[in-house]
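Numbering (the working numbering), first residue to last: 7 to 473.
The C-beta atom is built at its ideal place from N, Cα and C for all residues, glycine as well.
Data first, discussion second: the structure below is written as structure tokens.
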């Protein structure tokens, strides 16, 4: 951690299987769709949410933790697939399914750290800190098991609550992306917060998850076959290896673009590209970060020449844009990749930001608003190949979305003071979220080796001053 801080040593106080209330959730089987298959072999996602709450260990164990468990149980009544298992046949002869049966549960670990308040404050700060500092807070998915028929049963969700006595606590989640996208997991968080804060109140029916996959699967057997053919020969166990220990000598930082910064970025782009139709906060934020990344790589001599291609890739929710559309509360994966290339030489000149914004804006608009028969699924047959062949050293990918207001979650003990996606330590993606300090501002989280972080920070800060 920071200078003079102590290592993050944890003591596990207990491990608790949490299930829906008895007989409250019906057995459920969800066949994977082609949009789920995109994520079948992707390593699990990790998120940490920190709360400042000066409570003693005794009071926490006697009051808050029982509330966490009971509200989690009520949440799993409605989000039972998270307590279920992904079932993969032994010979890959059939598509995997997600299945929940009565008695399935989610592992919840309670741990304690003796960090001082100063060390806790450093842990939740925006400044650079070793990625390894927070890894002990990340829960581990239980290992897969074998069913009686030889199929593999893969757990989908794990949770860990770490108490920092008289300072605060952290809620960590690890989940397998095949079970659902960012909107699905955020719906789970919102429902958990609702039950924690409102006790026995009933959730509105239109906010409960929608499980019916009939319309998404109808008429899309060709895509399903293409995706499954590409994925079925990879051992599912290989994707479940905990990769956090492999992250060495990296630091994680959080950068903020204020509302004023974002407006200046938009003005800069529009002055140089007045014809550009898609100049949003998301577009200019991603473009600015992408441009800074390419600039520091260029100065570091990463590229053999300036004609090399750089790839930008993000995912966009497409529930409302399918034909027919799916409800907003559809449970599962329903995102379309948006990706495009730019030459290094287009980024390193004075017009670099506008050039990046042109690529980002046009690929998002082209994928979401195109009038082709395929609509948002245009080019879907190539997605699986693209995602499996990406050179991450020449790519900027985006995880999460500012639309998911994690800083607005209130479990009844105040809103979070920090939210981080720690799986980006592994993937190299950046994470985007709304700011906890200013409406309309955005936070960018990223992990890099120290020297690269210093170089990126220099370009990021100097670029804003020059606007």
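Which of the three DSSP states, helix, strand or coil, is assigned to residue i?
i, result
"residue 1", "The chain is shown from 7 up to 473; residue 1 falls before or after that span and cannot be answered."
"residue 176", "strand"
"residue 445", "coil"
"residue 213", "helix"
"residue 3", "In the structure as shown, the chain begins at 7 and stops at 473. Residue 3 is therefore absent and cannot be evaluated."
"residue 152", "strand"
"residue 440", "strand"
"residue 293", "helix"
"residue 453", "strand"
"residue 138", "helix"
"residue 226", "coil"
"residue 308", "coil"
"residue 106", "strand"
"residue 159", "strand"
"residue 409", "coil"
"residue 354", "coil"
"residue 31", "coil"
"residue 419", "coil"
"residue 193", "helix"
"residue 202", "helix"
"residue 372", "helix"
"residue 188", "helix"
With respect to the beta strand (DSSP E) encompassing residue i, which residues constitute its N-terminal and C-terminal limits?
i, result
"residue 37", "34-37"
"residue 346", "341-349"
"residue 425", "424-427"
"residue 164", "163-170"
"residue 16", "16-24"
"residue 223", "No beta strand (DSSP E) contains residue 223, which is instead part of the alpha helix (DSSP H) from 220-223."
"residue 100", "First-last for residue 100: undefined, no H or E at that position."
"residue 384", "Segment: none, residue 384 is in no beta strand (DSSP E) and carries neither H nor E."
"residue 405", "401-405"
"residue 146", "Note, residue 146: premise wrong, no beta strand (DSSP E); not H, not E."
"residue 94", "91-94"
So residue i and residue j are in contact, right, with Cβ under 8 Å, and what is the actual spacing, rounded?
i, j, result
"residue 140", "residue 249", "Wrong, their Cβ atoms sit about 15 Å apart, outside the cutoff."
"residue 163", "residue 275", "So it is not a contact: roughly 40 Å between Cβ atoms."
"residue 145", "residue 179", "7 Å"
"residue 119", "residue 16", "5 Å"
"residue 300", "residue 354", "7 Å"
"residue 40", "residue 282", "The pair is not a contact, with the Cβ atoms about 32 Å apart (cut-off 8 Å)."
"residue 316", "residue 347", "7 Å"
"residue 219", "residue 453", "Contact flag wrong, Cβ pair sits at about 35 Å."
"residue 312", "residue 350", "5 Å"
"residue 437", "residue 423", "That pair is no contact at about 16 Å."
"residue 104", "residue 36", "4 Å"
Using the beta-carbon count (16 or more within 10 Å), is residue i buried or exposed?
i, result
"residue 10", "At residue 10, the pLDDT of 39 sits below 50, so the modelled position is not reliable and the matter cannot be decided from this model."
"residue 479", "Given a span of 7 to 473 for the chain in the structure shown, any question on residue 479 remains unanswerable."
"residue 380", "exposed"
"residue 396", "exposed"
"residue 336", "buried"
"residue 210", "exposed"
"residue 325", "buried"
"residue 187", "buried"
"residue 356", "exposed"
"residue 231", "exposed"
"residue 323", "buried"
"residue 170", "buried"
"residue 113", "buried"
"residue 345", "buried"
"residue 416", "exposed"
"residue 339", "buried"
"residue 303", "buried"
"residue 49", "buried"
"residue 23", "exposed"
"residue 109", "exposed"
"residue 388", "exposed"
"residue 457", "exposed"
"residue 455", "exposed"
So residue i is in the alpha helix (DSSP H); what residue range does that whole segment cover?
i, result
"residue 390", "389-395"
"residue 117", "Residue 117 -> not in any alpha helix (DSSP H); beta strand (DSSP E) instead, spanning 112-119."
"residue 470", "456-471"
"residue 124", "123-129"
"residue 43", "40-43"
"residue 432", "430-433"
Is there a Cβ of chain B sitting closer than 8 Å to that of residue i, yes or no?
i, result
"residue 326", "The structure shown contains no chain B; it holds only a single protein chain."
Going residue by residue through the segment 311-345, where are the continuous beta strand (DSSP E) segments of at least 3 residues, counting only ones entirely within it?
As far as the segment 311-345 is concerned, its whole beta strand (DSSP E) runs of at least 3 residues are 315-323.
Starting from the N-terminal side, write out each stretch of the beta strand (DSSP E) that is 3 residues or longer and does not extend beyond the segment 47-88.
The qualifying runs are 51-58.
At what residue ranges does the segment 235-290 contain a whole run of the beta strand (DSSP E), taking only runs of 3 or more?
256-263
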